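Okay, structure first, notes after.
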Amino acid sequence: MYTLLVPKEKSRREKKTGGGPFWKAYWEKEVKTNPTYYASQYKKRISALDSIINNFRKKYNKADRRYYAEIKLDERSSSKSSEPTKLWAEAGLEIVETRERNGEIFFTLSGLPEDFEKLNNITGLASFDNAFQGSGKNKDIARQVFAVTEIYDKNKTIENRISTQLQELIKGDYKGKLDCIITIHYERKLSEYENIFKEIVKKIGPDNLHKRDIEFFISNMSYRANIDIKNILSLLTDPTYGYIARIKINPEFIVQRSTPNTSFGSVQIGPLLTDEKVVLIDSGIDNPLINPFVVHPVNYLSSSDTADKKHGTSVASRFIFGHNFFSKISKNEKLEPVAKIIDVQVLNKKRDGSISVDTDILMKAIKESTNKFDVTLYNLSIASKEPINEKNDIDDSTALIDSISSKKDILFIAAVGNQNGNYGLGYNRIFNTNDETCNISAPSDAINALSVGSIAEIVHHADTICDMVDYPSPFTRKGGFRNDIKKPELVAYGGNVEKDPTNKYEAAHMIASTNKYGVDVMENNIFCRDTGTSLSAPLVTRTATLVLDYLKKSNLSNQIPLFNQNKANLVKALLIHSTSRITQAKIEDDMVKRAYGFGKAEYIPALFDDTEDTVTIIYADAINFSEKKQKIIIKLPEYLFGGNVELTFTLVYNPPINTNFKEYKMTNLQGSVGLVFPKMEDGKPTGKMDVQPLAPSHSWENYKSNYFNTIHYKKKIRRLSYLDLQIGIQMTVSNHLLNEMAEDSIFQNYAVVLSIKDISNKGKLRSELLKTSQLIELVENAVQVKV
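End of the sequence shown sits at 787 in UniProt numbering; the numbers just go up one at a time, nothing left out.
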């Protein structure tokens, strides 16, 4: 078996140079063509803004109270480098939220009356002459004023301050009380938490508002509230409570269960495959075959909660023993347990029979577990009942997972959730409802997590809704929202659904369907079948455990100085990269594709099955904001000149996040592969080098979106014309992060994987590359990966 390769030297660094004036190209090219016209436009816009700001200032003038205005930006300010940041700094205003709605950019500003007075003075002094022909700060400020097209009062409106669910309930004149979360604007300090609590209590009463654990606060403070529609409207239309950013329904986190059907006799169990420990956050584990592998059980149930460990035990069985262990048992083969489990019990049984967990309990378990245990991998087969709605805020649990994963070397592997009730539509239409019905559920939308959907293994054309092997299961959920982020990333077997001739899909039919088309699981004392993405996620967690164990037992930590802070990135990158080495389902429907992600990644040798014609190079590092670029140069063998090669590239990083800003991720890495060649002028080399990019256009298959933190694509190069291959990494940083951190303290960890294949199959690529001493083979230690 050929092993992975690692660059012998660290990546090379290039330092940044300074940027140019605000909107430089616009003013020096477009405006210059017709200054008279643009002077007129400038005067109209500034006059309107001056009038609006002046009225706002007169309306809200309590000296010690902060007020909120929403400003709409010119379309030219859609990128980070075009945001008018100096304008707000000059006025003393703070940006507390940015949003993109229908392609337009909106900022919410917070300030005291005196700050809005300063803004009023700035707009009053701004002039076209300063913007067009001025210099220095005055020129930039004058141009930035022109970037603002409209200003709105945000102190007594409900628009964009309530969730879609609440909007629908208000329209329907709902009368009951609602379990809600009240989120406070970003700039309010923790020291104000108690006073804000008292102020809201005056409005809605002490029994209706509850404090939350401050450990949950990632970007914003928040409270739990049991209130009706009247309370909500009363709060949001009173300027006193303008500091309320949003009110939303508290999500319900659930799991679905089926009915057991089979039992077996004696079972043989082999030794552990790895030395790893993995955290499972679920309903608890209780099975005589699994219990010996459980360490450090943690219970978050109260004395009044009812435990039901069936779901957690089923999930654990899939993780511990893998897929299709019924077959091994029937053949008297030994089961192969993969690792020990830290069992974190949060789910409990409700009076209606459902299995669920309160939001705050789930977040407490996540927060405390990640602080207590030195573990890289976490399995989370729990999802919110409601799917993600693109118009709504990112859930607190999602933000918590993303925040933790950006700071610690942790990878959450999360099930995307199950959707039910649309089976009668037919297979393709299930995924083409043109609404959020089939969207994945929180917290699997966490960009730093690895999200897992379900695919079907057992299919019958006449009998099952999904009739193609490895196609998404009828109950799985799809991504593709929020600028088409690729969620789930991976899929694994989770079952199928039998067609119901009556189209009713009632309980009796679903139980019979599960008994036929479910996957192997263990419950407390028996073996049975079940279906769901909850059972797909632990298969990926199992694979991730094998990969992590392999990397830790190799010499990789000696070759990559930042290995110990990039283990999660490396595992995630390798799993996603492996999908390109496996035959994947050929799906035509665009929405069905969005339930499939990059595909399957449960075939371990795909990570380590290189040949003499194919090599895979892995690397991990951290890039600093001060660096223009990091790059790795690989000199390809001479014999490849004029030949054909295929490149597969994967980049994964774990950015810090902030839910208040449209970017969400506060850093953005661009990863590229290119051929380096001498730059020429008049037929002579200039002494500088240029790069020929080798990347296909962005698509769902060849994915390299700026809105996501994973890049993965494949590219064939015909008639190779240069031999210096460069991997380049560049970073841009949100202005909001720059306001909070010193530039030299902003680092972003990342992992890259690059496969190079000699299409001509001459059988010497690997040996020729190793001769040059630029790459080192990954050396296995005592334990080899087993499958």
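We treat Cβ as the ideally placed atom computed from N, Cα and C, and that holds for glycine. All values derive from a computational prediction rather than experimental measurement.
- Here G136 is exposed, its C-beta having fewer than 16 other C-beta atoms within 10 Å.
- Annotation for P21: K139, D140 place their beta carbon closer than 7 Å to its own, counting only its chain and skipping 5 residues before and after.
- Across the structure, Y596 and N130 are spaced so that their CA atoms are roughly 54 Å apart.
- Short of 6 Å from the beta carbon of Q165, and not among the five residues preceding or following it, lie these beta carbons of its own chain, in chain order: I249.
- If you ignore the 5 residues before and after N706, its C-beta comes within less than 7 Å of the C-beta of N668, all in its own chain and listed in chain order.
- Taking 8 Å as the cut-off, the Cβ atoms of R318 and L570 do not count as close.
- Taking the CA atoms as reference points, A568 sits about 22 Å from V733.
- As the crow flies, the alpha-carbon of N524 is around 18 Å from that of K340.
- Straight-line spacing of the CA atoms in I320 and G495 works out to 18 Å.
- A residue is called buried once 16 or more other Cβ atoms fall within 10 Å of its Cβ, and N155 is buried on that count.
- Between H712 and D228, the alpha-carbon positions lie close to 47 Å from each other.
- Straight-line measurement puts the Cα of I269 at about 30 Å from the Cα of S451.
- Under the 10 Å beta carbon count, A446 is surrounded by 16 or more other beta carbons and is classified as buried.
- Between the alpha carbons of D396 and F216 lies a gap of roughly 8 Å.
- Between V375 and V278, the C-beta spacing is below 8 Å.
- Note on T710: 16 or more other CB atoms within 10 angstroms of its CB, so buried under the neighbour-count rule.
- By the C-beta criterion, the segment 80 to 98 is judged to be in contact with the segment 652 to 668, since at least 3 inter-stretch pairs fall below 8 Å.
- In this structure, the alpha-carbon of L335 lies about 16 Å from that of V315.
- Three or more Cβ pairs closer than 8 Å define a contact, and the segment 111 to 124 falls short of that threshold against the segment 167 to 177.
- Taking L490 as reference, the option from D520, V416, S554 with the minimal CA-CA separation is V416.
- Each of L738, V753, T359 was checked against the Cα of L400, and the nearest Cα belongs to T359.
- Per DSSP, Y26 lies in no alpha helix (DSSP H) and is assigned neither H nor E.
- If you draw a straight line from the Cα of L73 to the Cα of I244, it is about 23 Å long.
- Per DSSP, T545 lies in no beta strand (DSSP E) segment; the continuous alpha helix (DSSP H) that holds it begins and ends at 537 to 552.
- Contact between A449 and V469 is absent: CB atoms are separated by about 27 Å, not below the 8 Å threshold.
- K175: not part of any beta strand (DSSP E); DSSP gives it neither H nor E.
- When the beta-carbon positions are compared, F325 and D520 come within less than 8 Å of each other.
- For a cut-off of 8 Å, the C-beta gap from R188 to M221 is around 6 Å, short enough to register as a contact.
- In chain order, P678 place their CB closer than 6 Å to the CB of P685, counting only its own chain and leaving out the 5 sequence neighbours on each side.
- Around the beta carbon of A383, 16 or more other beta carbons sit within 10 angstroms, so the residue counts as buried.
- The C-alpha of T240 lies about 9 Å from the C-alpha of Y67.
- Within the model, the alpha-carbon separation for I105 versus A147 is close to 11 Å.
- R76 and L112 have their C-alpha atoms spaced approximately 28 Å apart.
- In the three-state reduction of the DSSP assignment, K631 falls in the strand class.
- In the three-state scheme derived from DSSP, where H, G and I count as helix and E and B as strand, D153 is classed as strand.
- According to the DSSP secondary-structure assignment, T183 is paired through a beta bridge with S222, R246.
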